[in-house]
Each structure stands twice: as structure tokens, then as C-alpha cells.
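Enquirer:
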Amino acid sequence: MKNEKRPDPEVIHPIKGYDKEIYIKPTVSSPNIIVGEFSYIADSDFESHVTHHYPWNDDKLIIGRFCQIAAGVEFIMNGANHQMNAVTTYPFYTLEGWDMMPPAKEDLPLKGDTVIGNDVWIGQNAVILPGVHIGDGAIIGADSVVGSNVEPYTIVAGDPARLIRRRFDQELTDMLLRLKWWDRSIDEINSLIPLLTCSELKKVRTKIRDILLREK
27 MKNEKRPDPE
37 VIHPIKGYDK
47 EIYIKPTVSS
57 PNIIVGEFSY
67 IADSDFESHV
77 THHYPWNDDK
87 LIIGRFCQIA
97 AGVEFIMNGA
107 NHQMNAVTTY
117 PFYTLEGWDM
127 MPPAKEDLPL
137 KGDTVIGNDV
147 WIGQNAVILP
157 GVHIGDGAII
167 GADSVVGSNV
177 EPYTIVAGDP
187 ARLIRRRFDQ
197 ELTDMLLRLK
207 WWDRSIDEIN
217 SLIPLLTCSE
227 LKKVRTKIRD
237 ILLREK
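Each number in this note's numbering comes from the position in the sequence shown (counting from 1) with 26 added on.
#1: Could you check the C-alpha separation between residue 182 and residue 123 for me, to the nearest Å?
#2: Among 89, 167, 55 and 179, which residue has its Cα nearest to the Cα of residue 139?
#3: What do you reckon, are the CB atoms on residue 103 and residue 79 nearer than 8 Å?
#4: Can you name the residues that DSSP bridges to residue 166?
#5: Would you tell me roughly how many angstroms separate the C-alpha atoms of residue 239 and residue 205, rounded to the nearest one?
#6: In angstroms with no decimal places, state the Cα-to-Cα distance between residue 192 and residue 178.
#7: For residue 173 and residue 145, I'd like the C-alpha separation in whole angstroms.
#8: When the distance is taken between beta carbons, is residue 170 closer than 8 Å to residue 143?
#9: How about residue 180 and residue 168: do their beta carbons lie closer than 8 Å?
#10: Which value, in whole angstroms, describes the spacing of the CA atoms of residue 119 and residue 98?
#11: Determine, using beta carbons only, whether residue 83 and residue 136 come nearer to each other than 8 Å.
#12: Given this structure, state the Cα-to-Cα distance separating residue 134 from residue 176, to the nearest angstrom.
#13: Roughly how many angstroms lie between the CA atoms of residue 121 and residue 105, to the nearest whole one?
#14: In whole angstroms, give me the CA-to-CA distance for residue 66 and residue 49.
#15: Only counting the same chain, and skipping five residues up and downstream in sequence, which positions put a Cβ closer than 8 Å to that of residue 110?
#16: My output table needs one value for residue 53: the three-state DSSP class, helix, strand or coil.
#17: Whose C-alpha, out of 86, 56, 52 and 59, is nearest the C-alpha of residue 70?
#18: Considering only their Cβ atoms, is the gap separating residue 63 from residue 77 smaller than 8 Å?
#19: Nearest by alpha-carbon distance to residue 188: which of 201, 152 and 95 is it?
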């Protein structure tokens, strides 16, 4: 273990003496925000990056393990949406003095839960719109606006975010999705780090295949 310390998912500040990067899970207070262990944000407060998240919509933000979220990222939730199937989009019902009851949920363009997979890297100032699903191992470019689903192990960027390229071929992608390294124990992940950080993909492919065959 580095510096004879064991990784602890319950600490808030995983870098000694630095408070601008936090593990998210131990800081979350909202029951509708669910975050896996070891996912971090480059900030001292995560929930301020989740906007328009009102309890009456019942939408959830679900983030997997080992995600890396840069500074300035914003998760916009369903409460930001206005009624679009009527003449005006103006939300009279939210403001004092106007004679309007809240519209039925079916009249609002609610998109459901926002789900971020495991080992996802979200670049600085990216915006994730309501109901988006981002697959394991994906990379979101800085300043991107993500309004549609992102497949596992792909790189997307832009406004709106579009596919730049796939990180790996389909065979290696499928193997990684079967390996699920993020669900393994701390000791096992530590032993896998040389493999997970190796840029010789032919060697990586062979070793992962061996692991998967042993575990059949």
C-alpha cells in the first residue's frame, strides 16, 4: 500500500493537505443521489453541481464507482424542464400570485434518472442533461453538453456531444465489461493496477483473457 495506507472510500479528502478533490459518496446527503465508492470530483462540494433536483420529480442521479469528475461539471436534473406541449413554456405555477396548478407529470418532458457508469471521466465544465445514461469507461470532453446516451468505452465531445471515437475494439470492450475491475476488492484492484494502466493493449488483451478464463 502507498505510504502504508489502505484506500478508504469513507474519507472525504483522499489527497493529504488538499481540499479541492473529494470522494463524493461520504459527502452526499440527498437520498436521490447515489454514488459508488472512490468516485471523486475536483471540488470541495459535489451537490452544488447537481441543479434543479427537486424531490417531487423523484428522479435520481446514479454514479458508479471510480468516476473522475473535473471542476465545473454540472448535472442538470428534470426540474429544469418546462411544459412544452402548450402555447407557453412559462411556469406560472412556480411563481407567487399566478392562478395555475402544477401540470400533470405526463405533460412535462421528464427524462427519468441520470445514470453514469463506472470508471467514467467527465472533463471540465461539461454539462450532463436530464435522463442521460453514460456507459462504463466512457470519456466526456471538456465543455461538452451531453443530451443523449453515451456507449461504454467511447469518447464524446462538443455541443451537442458527439462520438469522437471508440477507445478500443469491440472484443477488448466486451472483455473489460466482463472483467468489471471496479467491482473487485481493494487488494485485487491493487494487484490489477499494472494491467489497468498498461498501454500495450495486445498484452492487456491476453492477460484479461487469461483472467476471464480462470474465472469461468
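Ideal Cβ placement from N, Cα and C applies to all residues, glycine included.
Note that the structure is a prediction, hence the values are computed from the model and not measured.
Expert: Looking at the coordinates:
#1: As a working note, residue 182 is residue 156 in the sequence shown. As a working note, residue 123 is residue 97 in the sequence shown. Answer to the nearest angstrom: the Cα atoms are 44 Å apart.
#2: Here residue 139 corresponds to residue number 113 of the sequence shown, with the count starting at 1. The option with the nearest alpha carbon to residue 139 is 89.
#3: Against the sequence shown, residue 103 aligns to sequence position 77. Against the sequence shown, residue 79 aligns to sequence position 53. Against a cut-off of 8 Å, the Cβ pair of residue 79 and residue 103 comes out as a contact.
#4: Taking the sequence shown and counting its residues from 1, one reaches residue 166 at position 140. Partner(s): 148 and 182.
#5: Reading the sequence shown from its first residue, position 213 is the one you call residue 239. Reading the sequence shown from its first residue, position 179 is the one you call residue 205. About 11 Å.
#6: Within the sequence shown, numbered from 1, the residue matching residue 192 stands at position 166. Within the sequence shown, numbered from 1, the residue matching residue 178 stands at position 152. Approximately 9 Å, taken between the alpha carbons.
#7: Taking the sequence shown and counting its residues from 1, one reaches residue 173 at position 147. Taking the sequence shown and counting its residues from 1, one reaches residue 145 at position 119. So the alpha carbons of these two residues sit roughly 20 Å apart.
#8: On the sequence shown, position 117 is the one that residue 143 refers to. On the sequence shown, position 144 is the one that residue 170 refers to. Result no, Cβ atoms of residue 143 and residue 170 do not sit closer than 8 Å.
#9: Your numbering for residue 180 matches position 154 in the sequence shown. Your numbering for residue 168 matches position 142 in the sequence shown. Result no, Cβ atoms of residue 180 and residue 168 do not sit closer than 8 Å.
#10: Taking the sequence shown and counting its residues from 1, the one referred to as residue 119 is at position 93. Taking the sequence shown and counting its residues from 1, the one referred to as residue 98 is at position 72. Looking at the two C-alpha atoms, the distance is approximately 31 Å.
#11: As a first step, residue 83 is located in the sequence shown; it is residue number 57 there, counting from the start. As a first step, residue 136 is located in the sequence shown; it is residue number 110 there, counting from the start. In contact: residue 83 and residue 136 (Cβ atoms closer than 8 Å).
#12: The residue given as residue 134 occupies position 108 in the sequence shown. The residue given as residue 176 occupies position 150 in the sequence shown. For residue 134 and residue 176, the distance between alpha carbons rounds to 24 Å.
#13: As a working note, residue 121 is residue 95 in the sequence shown. As a working note, residue 105 is residue 79 in the sequence shown. Their Cα atoms are separated by approximately 14 Å.
#14: Start at 1 with the first residue of the sequence shown, and residue 66 comes out as number 40. Start at 1 with the first residue of the sequence shown, and residue 49 comes out as number 23. Rounded to whole angstroms, residue 66 to residue 49 spans 4 Å at the Cα level.
#15: Here the question's residue 110 lines up with position 84 in the sequence shown. Contacts found: 135.
#16: Residue 53 sits at position 27 when you count from the first residue of the sequence shown. Reduced to three states, the DSSP call for residue 53 is helix.
#17: Residue 70 sits at position 44 when you count from the first residue of the sequence shown. Checked all of 86, 56, 52 and 59; the closest Cα to residue 70 is 52.
#18: Here residue 77 refers to the residue found at position 51 when the sequence shown is read from its first residue. Here residue 63 refers to the residue found at position 37 when the sequence shown is read from its first residue. No.
#19: As a first step, residue 188 is located in the sequence shown; it is residue number 162 there, counting from the start. Considering only alpha carbons, the answer is 152.
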